[in-house]
Amino acid sequence: MKYVTPDLCDAYPHLVKAVEPIFTNFGGISSFGGEIVTIKCFEDNSKVKQMVDQPGEGKVMVVDAGGSFRCAMLGDMLAEKAVKNGWEGIIMYGCVRDVDVLAELDLGVQALGSHPMKSEKKDIGELGVELTFGGVTFRQGEFVYADNNGIIVSPEALTMPEA
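In the working numbering, each residue carries its 1-based index in the sequence shown increased by 60.
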């Protein structure tokens with residue numbers, strides 16, 4: 061489904077909170093949304109690798125990578141697994157790599173930037189925890205919507221208003 065975040069903000073001003081405009085769209089899908097699945101990890105994408113192997117239909121992975129600009133936490137191989145397992149998108153509070161490939165995939169990807177170096181693999185991180193960045197708190201089971209206008213969160217699922 062195509063989401064237009066300004067229209068959602070206008071229709072649900074009492075529900076939505078907008079994330080600060082610090083993200084860039086890197087995915088092949090510019091508009092995506094779904095139920096939030098959270099991961100907190102820093103310069104170690106082991107938990108991201110674990111999660112992309114899980115079914116992701118109707119879900120968006122929100123990753124708090126500590127805002128690191130020292131390595132990428134998502135690249136083409138993990139993104140391709142996310143597509144294969146039906147994920148709607150990934151929001152990375154950190155960096156991604158293989159951006160030309162990401163732009164061709166059927167996946168929404170928003171991140172702070174790109175970095176060519178890969179992350180550590182020490183299996184360090186937390187799943188299902190509350191995350192706060194960009195002036196907003198992301199809670200597992202709530203909902204997130206993203207497009208080229210920005211990212212918004214809501215405690216409940218939203219539908220696009222009639223035109």
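Ideal Cβ positions, reconstructed from N, Cα and C, are used throughout, including at glycine.
Integer-rounded CB distance, given that residue j should sit under 8 Å from residue i
i, j, result
"E148", "V120", "5 Å"
"C101", "A125", "6 Å"
"V97", "Q200", "6 Å"
"I150", "L134", "6 Å"
"E80", "G154", "With a Cβ gap of about 15 Å, E80 and G154 do not count as contacting."
"F83", "G168", "Wrong, their Cβ atoms sit about 11 Å apart, outside the cutoff."
Buried/exposed call for residue i, threshold 16 Cβ in 10 Å
i, result
"N105", "buried"
"R157", "buried"
"H175", "buried"
"K181", "exposed"
"G118", "exposed"
"E190", "exposed"
"M111", "buried"
"A132", "buried"
"F129", "exposed"
"E103", "buried"
Residue i - DSSP class collapsed to helix/strand/coil
i, result
"K178", "strand"
"A217", "coil"
"M137", "helix"
"L165", "coil"
"L191", "strand"
"Q110", "helix"
"A125", "coil"
"V143", "helix"
"L75", "coil"
"D67", "helix"
"D160", "helix"
"M61", "coil"
"E148", "coil"
"D183", "coil"
Quiz item: If you pair each beta-carbon of the region 138-147 with each one of the region 185-199, do three or more pairs fall below 8 Å?
Solution: Fewer than three Cβ pairs drawn from the region 138-147 and the region 185-199 lie within less than 8 Å of each other, which leaves the two stretches out of contact.
Practice problem: Decide if the region 64-80 is in contact with the region 204-213; the criterion is three or more beta carbon pairs, one per stretch, under 8 Å apart. | Solution: As far as the Cβ criterion goes, the region 64-80 touches the region 204-213, which means the pair count is three or higher.
Quiz item: For the region 159-176 against the region 75-92, are there 3 or more C-beta pairs whose distance is under 8 Å?
Solution: Yes: the two stretches touch, three or more of their Cβ pairs being nearer than 8 Å.
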